[in-house]
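Student:
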Amino acid sequence: MDPDPKEPCMKYSSLVGRISGETVSAWDIHYAACAAQARGEDAIVLSIGDPDFTTAEPIRAAAVEALAQGDTHYTEVIGRAALREAIAAKQRRLLGIPVGAEQVAVVAGAQNGLFATALCLFEAGDEVLVPEPMYLTYAASIQASGARLVSIPQPAEGDFRLTDEALAAVLTSRTRGIALATPNNPTGNVYTADELQAVAEVARRHDLWVISDEVYGQLTYERSHRSIASLEGMAARTVVLNSLSKTHAMTGWRVGWVVAPPALIGHLDNLMLCMIYGLPGFIQAAALKALELDDAVVGDARETYRRRRDLVVRGLADVPLLRCKVPEAGMFMLVDVRETGLSGMDFAWQLFRETGVSVLDAEAFGASCRGFVRLSFTVSDAELEEACRRIAGFIQRLQRSR
94 MDPDPKEPCM KYSSLVGRIS GETVSAWDIH YAACAAQARG EDAIVLSIGD PDFTTAEPIR
154 AAAVEALAQG DTHYTEVIGR AALREAIAAK QRRLLGIPVG AEQVAVVAGA QNGLFATALC
214 LFEAGDEVLV PEPMYLTYAA SIQASGARLV SIPQPAEGDF RLTDEALAAV LTSRTRGIAL
274 ATPNNPTGNV YTADELQAVA EVARRHDLWV ISDEVYGQLT YERSHRSIAS LEGMAARTVV
334 LNSLSKTHAM TGWRVGWVVA PPALIGHLDN LMLCMIYGLP GFIQAAALKA LELDDAVVGD
394 ARETYRRRRD LVVRGLADVP LLRCKVPEAG MFMLVDVRET GLSGMDFAWQ LFRETGVSVL
454 DAEAFGASCR GFVRLSFTVS DAELEEACRR IAGFIQRLQR SR
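Sequential numbering of the sequence shown, starting at 94, is according to the working numbering.
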């Protein structure tokens, strides 16, 4: 269709190109599944990491009480003192190193934290190394700064693990930082002590920033999480991202934080002043209550996801043509579908159209995941069991059609 000559041809900045890309289309199947559910169709949505359980009642009650008391005004840009201190206390426990409130900025989720941190650390001409597969929005968040994202391949044949050789191969004089996620989404891998030491040695030797996304750090199973910030000489060059979204079933509350050297927190304060001007007070009241209930709430979530992970592994164990990569952490699992002869995208769409089960083409997370799909554990046990049955039936029909 020709453009309307009456409409002005307005120009946009180069930023809009840096924050768009092919990975955006990966969500189409999820939107289709949600639309099917809204129409009353029998869809099982395993394509997103949004916990199915509601935020704990005491946390919700704290927000309601704050609203009732008139907590509806502006707040401190990077968080109230009490909340920042509570986060610092939590991070001291998790990291095993000193963390003060002056090292904490409260942001609108870890995603906001990544975006803002990248803007403060990087610029045009810089390169930021990111092990791949990586979360879908990493590229846009880093490239928004003008920097170039350089992926570090972690092939499926090596269990998606980081190697010294792969890291060394992408280092250049323009490298300014490394961004990693441990535990990782979508692989569920938790970095080993040796892997963290290798990254730390490179960062110290080349004077690099490290952004460590640790939002799944408390949802680990067989292998415990350790932060790279706890290693010698790393606290001064590491930015830790964390949030309440997954651990406390608070995805819609948009509460996250950045732990970083005080100088960077000062820069984030200036940026947040121009961006979100602080989280609502009643949201911060709920976040403070969530931190008070941290051990119980997180413990329940961890055991729920562990149980569901084991349920899905059992449910798909004997399904031909599929191989599960059992995650060490988190709420997702990769499934190798290469033996079906279908691409990850074709498998996902054909599965959804025939069974109503939505999974995500994992290649959206990087080329290392070509031929894999990602499914989540964020529906009830009964729905997961039914999803496994539908997937098994789909594979049986696929085999018969060959």
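For every residue, glycine included, the Cβ atom is placed at its ideal position computed from N, Cα and C. If you're wondering where the values come from, they're calculated on a predicted model, not measured in any experiment.
1) Whose C-alpha, out of A159, V170, A161 and S118, is nearest the C-alpha of I358?
2) Name the residue from A126, V138, R132 and G142 whose alpha carbon lies nearest to the alpha carbon of M343.
3) Quick one: grab the DSSP three-state call for P224.
4) Span of the alpha helix (DSSP H) holding C367?
5) Nearest by alpha-carbon distance to E479: which of D429, G408 and V109 is it?
6) Any idea if Y124 is buried or exposed, counting beta-carbon neighbours within 10 angstroms, 16 or more meaning buried?
7) Which value, in whole angstroms, describes the spacing of the CA atoms of A179 and R132?
8) Which residue spans inside the region 232-280 form an unbroken beta strand (DSSP E) run of at least 3?
9) With a Cβ-Cβ cutoff of 8 Å, do L427 and C462 count as a contact?
10) Tell me where the beta strand (DSSP E) around N335 begins and ends.
11) What does the alpha-carbon distance come out to for the pair A136 and F445?
12) Since I304 is in the beta strand (DSSP E), which residue starts that stretch and which ends it?
13) For the 8 Å Cβ check, are there 3 or more pairs between the region 213-225 and the region 184-204?
14) Specify the secondary structure class of K104 as computed by DSSP and reduced to three states.
15) Could you please give the first and the last residue of the uninterrupted beta strand (DSSP E) stretch that includes F445?
16) Roughly how many angstroms separate the alpha carbons of W120 and L453, rounded to a whole number?
17) Between the beta-carbon of P279 and the beta-carbon of A475, is there less than 8 Å?
18) Could you compute how far the alpha carbon of A417 sits from the alpha carbon of G486?
19) Counting Cβ pairs, one atom from each stretch, are 3 or more of them under 8 Å apart for the region 316-332 and the region 162-176?
20) Are the beta-carbon atoms belonging to E421 and N282 less than 8 Å from one another?
21) Measuring straight from C-alpha to C-alpha, what distance separates W350 and E432?
22) Taking the beta carbon of T165 as the centre, do at least 16 other beta carbons fall within 10 Å, making it buried, or is it exposed?
23) With distance defined between alpha-carbon atoms, name the residue in D429, N205, R316 and R330 nearest to R399.
24) Where does T313 fall in DSSP's three states?
25) How is A198 classed by DSSP in three states: helix, strand or coil?
26) Does DSSP put F458 in a helix, a strand or coil?
27) Who are R416's beta bridge partners in DSSP?
28) Does S305 pass the burial test, meaning 16 or more other C-beta atoms within 10 Å, or should it be called exposed?
29) Could you tell me which of F253, G251, N205 and Q247 sits nearest to V263, measuring between CA atoms?
30) Taking its Cβ as the centre, do 16 or more other Cβ atoms sit within 10 Å of L366, making it buried, or is it exposed?
31) Tell me whether the region 180-187 and the region 146-164 touch, counting them as touching only if at least three CB pairs, one residue from each stretch, are closer than 8 Å.
32) Hey, V303 and G345 are a contact pair by Cβ (cut 8 Å); roughly how many whole angstroms apart?
33) Please say whether M227 and F458 have beta carbons closer to each other than 8 Å?
34) Under 8 Å by Cβ, that's how I've got D145 and V472 pegged, so tell me the actual separation to the nearest angstrom.
35) If we call anything under 8 Å between Cβ atoms a contact, is T268 one with L301?
36) Apply the 10 Å Cβ neighbour rule to Y370 and answer buried if 16 or more other Cβ atoms are within range, or exposed otherwise.
Tutor: With the given structure in hand:
1) Answer by Cα proximity: V170.
2) G142
3) P224: strand per DSSP, three-state reduction.
4) P355 to M368
5) E479 has its Cα closest to that of G408, out of D429, G408 and V109.
6) exposed
7) 43 Å
8) 241-246 and 268-274
9) yes
10) Residues T331 to S336.
11) 8 Å
12) For I304, the enclosing beta strand (DSSP E) covers residues W302 to D306.
13) no
14) If DSSP states are grouped into helix, strand and coil, K104 belongs with coil.
15) Run containing F445: none in the beta strand (DSSP E); it sits in the alpha helix (DSSP H), G437 to T448.
16) 7 Å
17) no
18) Sequence check: residue 417 is Cys here, not Ala. The C-alpha of C417 lies about 17 Å from the C-alpha of G486.
19) no
20) yes
21) 41 Å
22) exposed
23) R316
24) In the three-state scheme derived from DSSP, where H, G and I count as helix and E and B as strand, T313 is classed as strand.
25) strand
26) helix
27) D429
28) buried
29) Q247
30) exposed
31) no
32) Not confirmed; about 29 Å, so no contact.
33) yes
34) 5 Å
35) yes
36) Per the 10 Å Cβ criterion, exposed.
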